[in-house]
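In order, the protein sequences belong to chains A and B.
Residues in the first sequence are numbered consecutively from 0, following numbering that gives the first Met the number 0.
Residues in the second sequence are numbered consecutively from 0, following numbering that gives the first Met the number 0.
Built from N, CA and C at the ideal position, the CB exists for glycine as well.
If you're wondering where the values come from, they're calculated on a predicted model, not measured in any experiment.
Only one structure is covered here, and it is reproduced in the block below.
Protein chains: 2
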Amino acid sequence: MEYEDLRIVETPSLVRDYTLEKLRNAISTGLYPPGARLVERELCEALGVSRTSVREALRQLQSENLVEVSKRRNISVAVITSKDAEDIYLIREMLETMAIRRFVALADDAEVKQLVKIQKSFGKTASKSAPRQLAALAGELYNTILEGARSRVISEVARPLLARVNYLRAVSMSEPGRMEGGLVEWEAMVDAVVARDADKAAEAMAQHLRNARAAIVARLEADENQAEKVAS
Amino acid sequence: MEYEDLRIVETPSLVRDYTLEKLRNAISTGLYPPGARLVERELCEALGVSRTSVREALRQLQSENLVEVSKRRNISVAVITSKDAEDIYLIREMLETMAIRRFVALADDAEVKQLVKIQKSFGKTASKSAPRQLAALAGELYNTILEGARSRVISEVARPLLARVNYLRAVSMSEPGRMEGGLVEWEAMVDAVVARDADKAAEAMAQHLRNARAAIVARLEADENQAEKVAS
DNA sequence: CTCGAATCTTTGTATGACAATCATATAAGT
DNA sequence: ACTTATATGATTGTCATACAAAGATTCGAG
């Protein structure tokens, strides 16, 4: 008899993981936008957990650079400057072309099929312009790629970077015009993966990230100029 | 009158930062070697701090992947496999060539001079084969480079990776033969930086990391084969 | 020697307490 | 009215406890 299937695989969930998840989510959806202050007691109330758990979750968010501490020790959602965003996208370009090459080399057929499926849902969802759905799909896409690349290290480095620009991506996707570009490149990438053409897939991925970088950096620079004007 | 000089710039040190620092140090020096179990209560005693502080520090180490949690929730010093090490070095190669190019472009003369100084101390210290001193110097070298590269993001991504292989580097440096190779490449790199030749500097850095990768991966693979043999 | 109950260990979580720091409001003096 | 003191409040950092859950260990009964 086979017991493998019965074995309980997931450890009972931890309050601090729940807390972490909730906070990460709140940040990436913009519920807590960049710069928003996070007060421990308020988070405790909002989440119904103790200060202990909130604080441990905050320490992790701090290590992930999703929040930043002021010199008064107050914690707020990290503000990404245009320069930060540029560097994040440059690094992502290196990491994710690396990942997609590994995916082409190592992913099994089920994973490739999964990629195609996500890509198709994309086409369907895009016409309705439902930013939340699109963001979720994009997340799935990246997850699938990182999984299929079979590298713990790449995932560990890439995921926090992805998390840091999650909110920006969501904002950028809700802008008219930017979305279609992304779709075309993703389609090219998935096609290349299906054809097991690593170079082409990597190039499509790089192209996508270069375009995204340009769009987001431009957007942030505009915001920064605006803010500067207001300040004066 | 100028008040800038009087202003207190450093926030009073936090117990959790002290704890984090101590633990990171203990891991990178091998006082707590890979696989060693870390028991909260013991750490409290050893460090003279409360469980609260130890736990918050552990959460950060966890985010940095310096420790790992078993399914029983026990925490131990992360074990780096040969595959992990290979990926870490591949990513470092991308990040640090990027960093050294920025350094050449952006660092001021004082920083270049600092680099040269460190490089010279290296030559002096190497003859005496004092691994602790060498490790400290290498740390300074990387710090200087990352500082001079003027990119928060690059530093934030590169530093944890560096920390993860710190112990391995120390071990590898204490082996005979490996050290001199590193020194030659570093000398080439610093020379190129002084000459403000970004391509040459980047190539020297890449060369250094490729050599280090080969040495460390070989070493880990040997260890892993050994362990496998013992297990059988 | 094996099985199972009792006990010890370790982690997860909550709570309450208190100091230190900063921010804000209030009172006082000129 | 304006500035300075003073009190008051808010927030974070740290500690000490307490207790539940889950595992690991010990030890006695058979």
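- request: Taking only runs that begin and end inside the region 146–176 of chain A, name each unbroken beta strand (DSSP E) of 3 or more residues, in chain order.
  value: Entirely contained in the region 146–176 of chain A, not one beta strand (DSSP E) run reaches 3 residues.
query: Nearest CA to the CA of M172(A): which residue from A200(A), A129(A), M188(A)?
result: Of the candidates A200(A), A129(A), M188(A), the one whose C-alpha sits nearest the C-alpha of M172(A) is A129(A).
message: Once the 5 residues before and after V240(B) are set aside, which same chain residues still bring their CB inside 7 Å of it?
response: Outside the displayed range of chain B (0 to 231) lies residue 240(B), so it cannot be described from this structure.
- request: Using the Cα positions of E63(A) and R100(B), report the straight-line distance between them to the nearest angstrom.
  value: In a straight line, the C-alpha of E63(A) is about 25 Å away from that of R100(B).
- request: Verify the CB distance criterion: does N64(A) have a CB-CB separation below 9 Å to chain B?
  value: Judged by the 9 Å Cβ criterion, N64(A) is in contact with chain B.
Alpha-carbon to alpha-carbon, E227(B) and R50(A): So the two alpha carbons sit approximately 45 Å from each other.
query: If we cut at 9 Å on Cβ distances, does Y17(B) have a partner in chain A?
result: Closer than 9 Å to the CB of Y17(B) there is not a single CB belonging to chain A.
query: Taking 9 Å as the CB-CB limit, is D83(B) close to chain A?
result: Yes, its Cβ sits closer than 9 Å to a Cβ of chain A.
- prompt: Is the Cβ-Cβ distance between R163(A) and I87(A) less than 9 Å?
  reply: Going by C-beta atoms, R163(A) is nearer than 9 Å to I87(A).
- prompt: Can you name the start and end residues of the beta strand (DSSP E) that I74(B) belongs to?
  reply: Taken as a continuous stretch (DSSP letters only), the beta strand (DSSP E) holding I74(B) covers 74–76.
message: Just to check my reading of the structure: F102(A) and A148(A) have Cβ atoms closer than 8 Å, yes? What is that Cβ distance to the nearest angstrom?
response: With a Cβ gap of about 5 Å, F102(A) and A148(A) count as contacting.
- prompt: By the criterion of Cβ-Cβ separation under 7 Å, what are the contact partners of E220(B) in chain A?
  reply: For E220(B), none of the residues of chain A pass the 7 Å Cβ criterion, the least Cβ distance being about 16 Å.
- prompt: How is R131(B) classed by DSSP in three states: helix, strand or coil?
  reply: The three-state reading of DSSP puts R131(B) in helix, counting H, G and I together.
message: Please state the DSSP three-state secondary structure of L65(A).
response: If DSSP states are grouped into helix, strand and coil, L65(A) belongs with coil.
query: At a CB-CB cut-off below 8 Å, which residues of chain A make contact with V193(B)?
result: Residues of chain A passing the Cβ test: none, with the nearest at roughly 25 Å.
- request: Could you check what DSSP says for L37(A) in three-state terms: helix, strand or coil?
  value: Under the three-state reduction of DSSP, L37(A) is assigned to strand.
- prompt: Excluding the five sequence neighbours on either side, which residues of its own chain have a C-beta within less than 7 Å of the C-beta of A193(B), listed in chain order?
  reply: The sequence given here has Val at residue 193(B), not Ala. So the qualifying residues of the chain are V111, V115.
message: Taking 9 Å as the threshold (beta carbon to beta carbon), is M93(A) in contact with chain B?
response: Taking Cβ atoms only, chain B reaches closer than 9 Å to M93(A), which makes this a yes.
message: Between which residues of its own chain and P159(A) is the CB-CB distance below 6 Å, once the five residues before and five after are set aside?
response: Excluding sequence neighbours, P159(A) sits near E63.
task: Helix, strand or coil for T80(A), going by three-state DSSP, please let me know.
output: T80(A) carries a coil assignment under DSSP once its states are collapsed to helix, strand and coil.
- prompt: Going by Cα to Cα distance, which pick from A104(A), N24(A), E146(A) is closest to A169(A)?
  reply: Ranking the options by Cα distance to A169(A), first place goes to N24(A).
task: Measure the CB-CB distance between L65(A) and I26(A) and report whether it falls below 9 Å.
output: Between L65(A) and I26(A), the C-beta spacing is below 9 Å.
- request: Pull up the distance between the alpha-carbon of V76(A) and that of R212(A), whole angstroms please.
  value: V76(A) and R212(A) have their alpha carbons spaced roughly 21 Å apart.
- prompt: Thinking just about the alpha-carbon of each residue, which of V156(B), E174(B), A109(B) is nearest to the one in A217(B)?
  reply: When each option's Cα is compared against that of A217(B), the closest is E174(B).
query: For the putative contact between Y141(A) and L167(A), defined by C-beta atoms under 8 Å, what is the C-beta separation to the nearest angstrom?
result: Contact doesn't hold; Cβ gap of about 15 Å is too wide.
field: Beta-carbon proximity check, L19(B) vs A45(B), cutoff 9 Å
entry: For the 9 Å CB-CB criterion, L19(B) and A45(B) do not form a contact.
query: Taking C-beta to C-beta, are E67(B) and R54(B) nearer than 9 Å?
result: In this structure, E67(B) lies away from R54(B), with their beta-carbon atoms at least 9 Å apart.
- request: Please classify E95(A): is it buried, with 16 or more other beta-carbons within 10 angstroms of its beta-carbon, or exposed?
  value: By the 16-neighbour rule on beta-carbons within 10 angstroms, E95(A) is buried.
Option nearest R58(B) by Cα separation, candidates R131(A), R15(A), S69(A), D108(A): Among R131(A), R15(A), S69(A), D108(A), the Cα nearest to that of R58(B) is on R15(A).
message: Contact criterion: CB-CB distance below 9 Å. Does I215(B) meet it with respect to chain A?
response: No, no contact with chain A.
- prompt: Between which two residues does the alpha helix (DSSP H) carrying D16(B) extend?
  reply: Taken as a continuous stretch (DSSP letters only), the alpha helix (DSSP H) holding D16(B) covers 14–27.
query: How about D198(B): is its C-beta nearer than 9 Å to some C-beta of chain A?
result: It does not; no Cβ of chain A falls within 9 Å.
task: Could you confirm whether any beta carbon from chain A is found closer than 9 Å to the beta carbon of R54(B)?
output: At least one chain A Cβ lies under 9 Å of R54(B).
message: Alpha carbons only, please: which of S12(A), K21(A), E85(A), L30(A) is nearest the one belonging to R71(B)?
response: The candidate whose alpha carbon is nearest that of R71(B) is S12(A).
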